[in-house]
Structures are given as C-alpha cells and as structure tokens.
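In the working numbering, the protein residues as written are 1 to 445. This report refers to the structure that appears directly beneath it.
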Ligand code: 4AD
Ligand code: MG
C-alpha cells in the first residue's frame, strides 16, 4: 500500500511509492508523456505520466483532465534538482490516478486576467500559486510576531472590537448601532493596552482593526490586522530599539521559513537579508529637508508637484516612497509635529509643537509599516489634549485615570500586518496579502 503524504513532506519519501490528494494546477504534454502540475495545499509538484507505464485507459483519462480537477495520484518520488515546484527538486512518476471530479471551464486560466475579475473571483484566486505563496508568508509572519513577543516576556491581552470612543481621529470610524447607542469598530487597541501594562507591564494585542478609509492607495484597507505592543517604563529610544529588533527578527524568520514561497514570488532576497538592526534614525525635520531636496532635484514636473511639502505637513505616500528609496533598510522618522498626530503623544521636551512619535518606514518605496510613540503621562496635559482635539472627555475618563494611579513613562507601537507582508513579499498592493480584502471598493466575496 502506498503511503498518503503531503507535498511538503516529499523530501523524506524519495524512492518510495506515495499517494497525493489534490488538484490539477496545470498540464502539458506530448506523445507518450503528460506533465501534471499537482497542488495539494501544502505544495506544488510535477507529476509525470508515461503511457507505457500507466496503460492506455488511465493515460487517456489524464489527457482529458481540465484545470482544477480533483484527483488522487499514486507514484514514486524521484529527486531531480531541476524539477520545478514548492519545494522544488522532486518529481512524481505516476503509477495510478483516481479522478474525483473532472473540471471543465475553470474561470482563472494561466492567461493574464484583470484585477477586477480576479477580485470578483477571490474565492478561487487564492488557489493561484502567487496568492497561495503570499498567504503562506502571511501565516509565517503572524507566527513570527507572536513568537518574538512571547519570548520577550510580553503578555497577549485581547482588546475590544466594539468601542465607545475614537483613538486615531474621528474621520475613519465605522459606526455600529450598539443597542441604540452609537459605538465604533476599533481603530486600535492601544488605549486598552495602556490600562493593561499597569497590570501586566509588557503586553500586546493582535487582531483585526477597522478604518473607514476613503482612500484608494495601494496601502489602505478598511479591515486590517495590527499587532500593538505596549511597554511600561519605556521611552522613545527604548521603543526604537525594540522595534528594530522585532522587525529584523520577523523578516529573518520569514526568509528562513518561506524561501521557496519568496522565490516563487521572485522576491529579491538580498534586500531582505540586509534587514538587520540597527536601523537609521532621522528626525522629521531632516526628513522634510530630504524630501524637499528630492523635489528640487527632479526634472519630472508631475513628481515635483506630488512631492510639494512644508514643515508641519504630514507625509503622504509619494513622500514616503521617495524618502525610503534613499535607504537600504527600514528607517525611523521621529519627532513629528503634534498637529498631525493623535492626541495621546508625549510632547518633545522644550519643543511643544513636536511630539515623541516615531514611524518606521520600510525601504524599496513601501513606506510606513509602524506608527508609535511615547505616551503622555501627565493627567492635566492629557485632559487639555483631549479638549483641544474636541473629544468627549466622559468617554476618556478611564484613560485619564491611568495617569492618576501610578503613572509611569510608557511607549508602544502598532505594526500593520498587511503592509509588512506586502513589503516582505515584494508585491505592489496590500489587497493581495489579505485572504478576503475589505476596501472602499470591495466587500465581495
Ligand atoms: O499609525 P497608526 O494609525 O497607529 C495606531 O493606530 C497606533 N494606535 C498604534 C500604537 O501605537 N499602538 O497605525 C499603525 C499601523 C500603520 O503603520 C500601518 O502599518 C497600519 O497600522 N495601518 C494600516 N494598514 C492597512 N490599511 C490601513 N487603512 C491602515 N491604517 C494603519
Ligand atoms: Mg500612522
């Protein structure tokens, strides 16, 4: 009896007869040979059917199979360096085949399809090798994030998804009818994390996050996953140190565990190998000067217009894209004007118009993957910030309380999973890093 195995276990079955259960990804052939690309969810392998070996009837059955037919294939495993697949280097010589369903007219063919069509068929598109590879990388990145934080003594505490108040600006709130009271989907778990560190010292939440983003950029989703570590007794420098170790560890783990997937995606692996702490740190002031210099130097009138910026403005995607092209690893930009950041950030000592915020921008034009800051620790200062932002104080009373009962300097950050995976995979748009992306335009399937 052949052993049932999965493709990812193939390396330990060379020379044996095995059975694989999966789907036909592609097929070519001529004369007495048929080459099947078989996928089983764990990998992709080439299976070779040879008419004299398989017999007329089974060989003809294979010849008729359409893309995405479901099958059980028996064969012997051969090692062959040139064999394509994930993991590459192995091939199956087919000795038997059982067809569960022969498919006619699978809509996603190897030809190029438009993104509209592919998004409409997202439930099928995830079977395509690139999408499959991206979502596998996503799973590994998620695990690497959790492993890193757990190993550093962080406690995972979940924060609510239905909340009474805004934390990251009122323009991107999704409202919920909460028993006839207006509530919102969480934009962040941060405010709750700040309560949690006073009980547990180092915590993180990691879950779905919602922003009613009206923007159509390649970086914005309406639903995305964010991991948010928060640390008591930590200042801005301590935060940057943690972030660079965290991001380096996550990228190096992805490189180590997802090499075949990243190769399938044709990712430049040397760019990822360079992602090692420490990362360069520049002030917002310097970043503005750098962007202005790029703007002044360009001959492209369109780019010149896109890069228009003055001190006090927030960076948009084009600014971040051009700025990060100057670095070969992620770069910290710290000390933004308080006016463009959330209400809870600690002012810069002696420069109240600036705050102790830090964004981490990924290289190769990817831009912001982390937003974070040292938090305001003084209760009076916090109350005036809440009032200045015209937020209803009664919803934040519990948050002010934290500054009244054992306030300490503390800091934290949020890393967007989809933007991080897009950068690691080297793909253009974040929508492909989410199994079922929610954007201004898409909520189906
Ligand atoms: O910079 P943001 O808005 O920061 C916060 O929410 C803080 N409360 C985090 C904290 O300090 N605990 O968001 C953090 C990150 C961004 O850098 C980005 O990677 C991701 O979340 N992000 C988005 N990703 C996809 N689509 C969107 N609409 C996103 N908005 C933010
Ligand atoms: Mg931000």
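All C-beta atoms, glycine included, are put in the ideal place defined by N, C-alpha and C. Just so it is clear, the structure is predicted and the values come from calculations on it, not from any experiment.
- request: With residue 460 as the anchor, note down where its alpha helix (DSSP H) starts and where it stops.
  value: This structure does not reach residue 460, given that the chain is present from 1 up to 445, and the question cannot be answered.
- prompt: If you measure from the CB of residue 316, is any heavy atom of the ligand 4AD nearer than 6 angstroms?
  reply: Numbered from its first residue, the chain shown carries residue 316 at position 316. Result no, Cβ not under 6 angstroms from the ligand 4AD.
task: Using three-state DSSP, classify residue 340 as helix, strand or coil.
output: Here residue 340 corresponds to residue number 340 of the chain shown, with the count starting at 1. Helix at residue 340.
query: Using DSSP with H/G/I as helix, E/B as strand and the rest coil, what is residue 152?
result: Indexing the chain shown from 1 puts residue 152 at position 152. Coil.
message: Can you find the residues in the same chain that come closer than 7 angstroms, C-beta to C-beta, to residue 470, ignoring five residues on each side of it along the sequence?
response: Any question about residue 470 goes unanswered here, given that the chain covers just 1 to 445.
message: What I want to know is whether the C-beta of residue 367 ends up closer than 6 angstroms to one or more non-hydrogen atoms of the ligand ATP.
response: Questions concerning the ligand ATP fall outside what the structure shown contains, since the ligands it does hold are the ligand 4AD and the ligand MG.
message: Applying the 10 Å Cβ sphere with the 16-neighbour rule, what's the burial state of residue 48?
response: Walking along the chain shown from the start, residue 48 turns up at place 48. Counting Cβ neighbours within 10 Å, residue 48 comes out buried, since at least 16 surround it.
message: Since residue 188 and residue 209 should fall inside the 8 angstroms C-beta cutoff, what is the C-beta to C-beta distance between them, to a whole number of angstroms?
response: Working through the chain shown from its first residue, we reach residue 188 at position 188. Working through the chain shown from its first residue, we reach residue 209 at position 209. Yes, they are in contact, since the Cβ atoms of residue 188 and residue 209 sit about 6 angstroms apart, within 8 angstroms.
message: I'd like the span of the beta strand (DSSP E) that includes residue 311, first residue to last.
response: Your numbering for residue 311 matches position 311 in the chain shown. First-last for residue 311: undefined, no H or E at that position.
query: Which stretch, first to last residue, makes up the alpha helix (DSSP H) that contains residue 209?
result: The sequence position of residue 209 within the chain shown is 209, counting from 1. Where residue 209 is concerned, there is no enclosing alpha helix (DSSP H), although the beta strand (DSSP E) it sits in stretches over 202-210.
query: Can you give, in chain order, each stretch of the alpha helix (DSSP H) that sits fully within the segment 53-108 and has at least 4 residues?
result: 56-63
query: Candidates 169, 220, 260, 414: which alpha carbon is nearest residue 430's?
result: Taking the first residue of the chain shown as 1, we reach residue 430 at position 430. Taking only the C-alpha atoms, the option nearest residue 430 is 220.
field: Burial state of residue 123 (16 or more Cβ within 10 Å)
entry: Working through the chain shown from its first residue, we reach residue 123 at position 123. With fewer than 16 Cβ atoms within 10 Å of its Cβ, residue 123 is classed as exposed.
task: Check residue 442 in the structure and name its three-state DSSP category.
output: Position 442 of the chain shown, counted from the start, is the residue given in the question as residue 442. Three-state DSSP puts residue 442 in coil, outside helix and strand.
- prompt: Quick one: is the Cβ of residue 329 within less than 6 angstroms of any heavy atom of the ligand 4AD?
  reply: The residue given as residue 329 occupies position 329 in the chain shown. Not so, every heavy atom of the ligand 4AD lies at least 6 angstroms from the Cβ.
- prompt: Leaving out five residues before and five after residue 77 in sequence, what residues of the same chain have Cβ atoms less than 7 angstroms from its Cβ?
  reply: Within the chain shown, numbered from 1, the residue matching residue 77 stands at position 77. 10, 13, 14, 15, 16, 18, 90, 92.
message: Using only the alpha-carbon positions, how far apart do residue 64 and residue 100 sit?
response: As a working note, residue 64 is residue 64 in the chain shown. As a working note, residue 100 is residue 100 in the chain shown. So the two alpha carbons sit approximately 13 angstroms from each other.
message: Check this for me: beta carbons of residue 44 and residue 432, under 7 angstroms apart or not?
response: To locate residue 44, count along the chain shown from 1; it is residue 44. To locate residue 432, count along the chain shown from 1; it is residue 432. Result no, Cβ atoms of residue 44 and residue 432 do not sit closer than 7 angstroms.
field: Short Cβ contact (7 angstroms threshold) for residue 438 with residue 223
entry: Mapped onto the chain shown, residue 438 falls at position 438. Mapped onto the chain shown, residue 223 falls at position 223. Yes. Within cutoff.
C-beta atoms of residue 164 and residue 186 nearer than 7 angstroms: Counting from one through the chain shown, the residue named residue 164 turns up at place 164. Counting from one through the chain shown, the residue named residue 186 turns up at place 186. For residue 164 and residue 186, no; Cβs fall outside 7 angstroms.
- request: Find out if the Cβ-Cβ distance for the pair residue 332, residue 226 is shorter than 7 angstroms.
  value: Here residue 332 refers to the residue found at position 332 of the chain shown. Here residue 226 refers to the residue found at position 226 of the chain shown. Going by C-beta atoms, residue 332 is not nearer than 7 angstroms to residue 226.
- request: Alpha carbon to alpha carbon, how far is residue 125 from residue 279? Give it in angstroms, no decimals.
  value: The sequence position of residue 279 within the chain shown is 279, counting from 1. The sequence position of residue 125 within the chain shown is 125, counting from 1. Using only the alpha carbons, I get a separation of about 36 angstroms.
- prompt: When you compare each of 228, 415, 428 to residue 366 by their alpha carbons, which one comes out closest?
  reply: Reading the chain shown from its first residue, position 366 is the one you call residue 366. Of 228, 415, 428, the residue nearest in Cα terms is 428.
message: Taking 6 angstroms as the cut-off, is the beta-carbon of residue 226 closer than that to any non-hydrogen atom of the ligand 4AD?
response: Position 226 of the chain shown, counted from the first residue, corresponds to residue 226. Yes, Cβ of residue 226 sits closer than 6 angstroms to a heavy atom of the ligand 4AD.
query: Going by the beta-carbon positions, is the gap between residue 267 and residue 426 smaller than 7 angstroms?
result: Start at 1 with the first residue of the chain shown, and residue 267 comes out as number 267. Start at 1 with the first residue of the chain shown, and residue 426 comes out as number 426. Yes.
message: Quick check on DSSP: helix, strand or coil for residue 425?
response: Here residue 425 corresponds to residue number 425 of the chain shown, with the count starting at 1. DSSP places residue 425 in helix when its eight states are reduced to three.
message: Just to confirm my understanding: we take residue 148, look at its own chain, exclude 5 residues before and 5 after, and list those with CB closer than 7 angstroms. What are they?
response: Reading the chain shown from its first residue, position 148 is the one you call residue 148. Contacts found: 246, 249, 250.
- prompt: When DSSP labels each residue in this structure, what does residue 351 get in the three-state scheme?
  reply: As a position in the chain shown, residue 351 is number 351, starting the count at 1. Strand, per DSSP.
query: Quick one: Cα of residue 40 to Cα of residue 117, how far?
result: On the chain shown, residue 40 is found 40 positions in, with the first residue counted as 1. On the chain shown, residue 117 is found 117 positions in, with the first residue counted as 1. Each residue's alpha carbon lies about 24 angstroms from the other.
Residue 372 CB to nearest heavy atom of the ligand MG below 6 angstroms: Here residue 372 refers to the residue found at position 372 when the chain shown is read from its first residue. No.
message: Quick check: does the Cβ of residue 335 come within less than 6 angstroms of any heavy atom belonging to the ligand 4AD?
response: Reading the chain shown from its first residue, position 335 is the one you call residue 335. Flag unset: Cβ of residue 335 not near the ligand 4AD.
- prompt: Are the CB atoms of residue 337 and residue 371 nearer to each other than 7 angstroms?
  reply: For the purposes of this step, residue 337 is taken as residue 337 along the chain shown, with counting starting at 1. For the purposes of this step, residue 371 is taken as residue 371 along the chain shown, with counting starting at 1. Cβ distance not < 7 angstroms, so residue 337 and residue 371 don't count as in contact.
Backbone secondary structure at residue 178 - three-state DSSP: Looking up residue 178 in the chain shown gives position 178. Three-state DSSP puts residue 178 in a strand.
message: Does the distance between the C-beta of residue 246 and the nearest non-hydrogen atom of the ligand 4AD fall short of 6 angstroms?
response: Locating residue 246 in the chain shown gives position 246, where the first residue counts as 1. Because no heavy atom of the ligand 4AD lies under 6 angstroms away, the Cβ of residue 246 does not count as near it: no.
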